[in-house]
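Peer 1: Please find one structure pasted underneath; my questions will follow.
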Amino acid sequence: DAGITQSPRHKVTETGTPVTLRCHQTENHRYMYWYRQDPGHGLRLIHYSYGVKDTDKGEVSDGYSVSRSKTEDFLLTLESATSSQTSVYFCAISGTSGANVLTFGAGSRLTVL
Amino acid sequence: GDSVTQMEGPVTLSEEAFLTINCTYTATGYPSLFWYVQYPGEGLQLLLKATKADDKGSNKGFEATYRKETTSFHLEKGSVQVSDSAVYFCALTPSGTGANNLFFGTGTRLTVIP
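Chains Z and V, in that order, give the protein sequences.
Under my numbering, think of the first position of the first sequence as 13, with each following residue one higher.
Under my numbering, think of the first position of the second sequence as 164, with each following residue one higher.
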C-alpha cells in the first residue's frame, strides 16, 4: 500500500468508549486524510492535515478529532464512540494538494456495539 | 454543490464482455475527474484521471473521456477479466481546489464471472 500503514485493521468496541486509529506513512508526504466508507455514501472526508499540527475539518467531522505531531503519523480519535460511527476508515496521503491524486491505506474496520 | 452520480450496481458480466460504468457530474467550471478502483480487502487506488475537457484517461485497458457537453466521464473497457472484479468510484475535484475537496460517487461493484 505504497508506504501507508493503518492500525488497528479491525476493532470492535462498545458505545461510549474512546477509540484511536493510527495512520503511518513512509512517503514523507505533506497531506494526509481520513475518510469513512459507508454503503450508499461512497467515501466522505472526516479531517485532513496539510502539515505537522495543521489540520482542518472535512464533510463529516462531528464526533471526531485528529492530531498530527509528526509528518509520518496522523491519528483519528473518537472521543466517545457511537453506533453511527461503525464504518470502514481509510487513511490517504498526497504529495501536493494540486496533484489531487490520493494513495490509500488498506482500511480499518470499526464496529461499535 | 459539486457532486458525482454514478450508476448503481452491482454489475455482473461474463469474461471478455464490454464494460461501461456511467458517471455524470455537477460542478462549475472545469473540475478534474478521476476513477478509483477498490479491490477486495484493499484501499482505493487511482485507475485513471482527466483534467480538462476532451481529455481521455487510460490505464490497464480502461478508458474514460471527459465530456464537458454532457458532464460525463464514463468508464469503459473492451474486454473484462475476472481480475477486474472490484468496486469502481468516480470522483471529482472542483477547478482550482485540492484533494481536500475530492468528491466521490457511491461506487459500482463489478463482478466478472468466468
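From the three backbone atoms N, C-alpha and C, an ideal C-beta is built for every residue, glycine too.
On a predicted model such as this, the values are computed, not experimentally measured, just so you know.
Spatial neighbours of S235(V) within its chain, please: CB distance less than 6 Å, with the 5 preceding and 5 following residues excluded, ordered by chain position.
Peer 2: T187
Peer 1: Give me, in chain order, the residues of the same chain whose beta-carbon lies closer than 8 Å to that of V64(Z); leave out the 5 immediate sequence neighbours on both sides.
Peer 2: R80, S81, K82, T83
Peer 1: Around the Cβ of H41(Z), are there at least 16 other Cβ atoms within 10 angstroms (buried) or fewer (exposed)?
Peer 2: It is buried - the Cβ of H41(Z) has at least 16 other Cβ atoms within 10 Å.
Peer 1: Of all the CB atoms in chain V, is at least one closer than 7 Å to the CB of S106(Z)?
Peer 2: yes
Peer 1: At a Cβ threshold of 7 Å, is Y60(Z) touching chain V?
Peer 2: yes
Peer 1: Any idea what DSSP makes of V245(V), helix, strand or coil?
Peer 2: V245(V) sits in a helix when the DSSP states are folded into three classes.
Peer 1: Going by Cα to Cα distance, which pick from S99(Z), A104(Z), A118(Z) is closest to P51(Z)?
Peer 2: S99(Z)
Peer 1: How many angstroms separate the CA atom of F102(Z) from the CA atom of G220(V)?
Peer 2: 25 Å
Peer 1: Can you have a look at H22(Z) and say buried or exposed, based on whether 16 or more other CB atoms are within 10 angstroms of its CB?
Peer 2: exposed
Peer 1: Which of the residues in the stretch 194-220 of chain V, read from start to end, lie with their CB under 9 Å from any CB of chain Z?
Peer 2: S195, F197, Y199, Q201, G204, E205, G206, L207, Q208, L209, K212, T214
Peer 1: Roughly how many angstroms separate the alpha carbons of L207(V) and G28(Z), rounded to a whole number?
Peer 2: Going from the Cα of L207(V) to the Cα of G28(Z) covers about 30 Å.
Peer 1: So, is the C-beta of T256(V) closer than 7 Å to a C-beta in chain Z?
Peer 2: yes
Peer 1: Apart from the five residues on each side of it in sequence, which residues of its chain come closer than 8 Å, Cβ to Cβ, to T183(V)?
Peer 2: H237, L238, E239
Peer 1: Between which two residues does the beta strand (DSSP E) carrying M44(Z) extend?
Peer 2: 43-50 is the extent of the beta strand (DSSP E) around M44(Z).
Peer 1: I'd like the list of long-range same chain contacts for D13(Z), defined as Cβ closer than 8 Å, with 5 residues on each side in sequence excluded.
Peer 2: The predicted model places D13(Z) with a pLDDT of 48, which falls under 50 and marks its position as unreliable, so this point remains unresolved.
Peer 1: Tell me the start and end of each unbroken beta strand (DSSP E) in the stretch 56-109 of chain Z that is at least 3 residues and wholly inside, in chain order.
Peer 2: 66-69, 77-82, 85-90, 99-106
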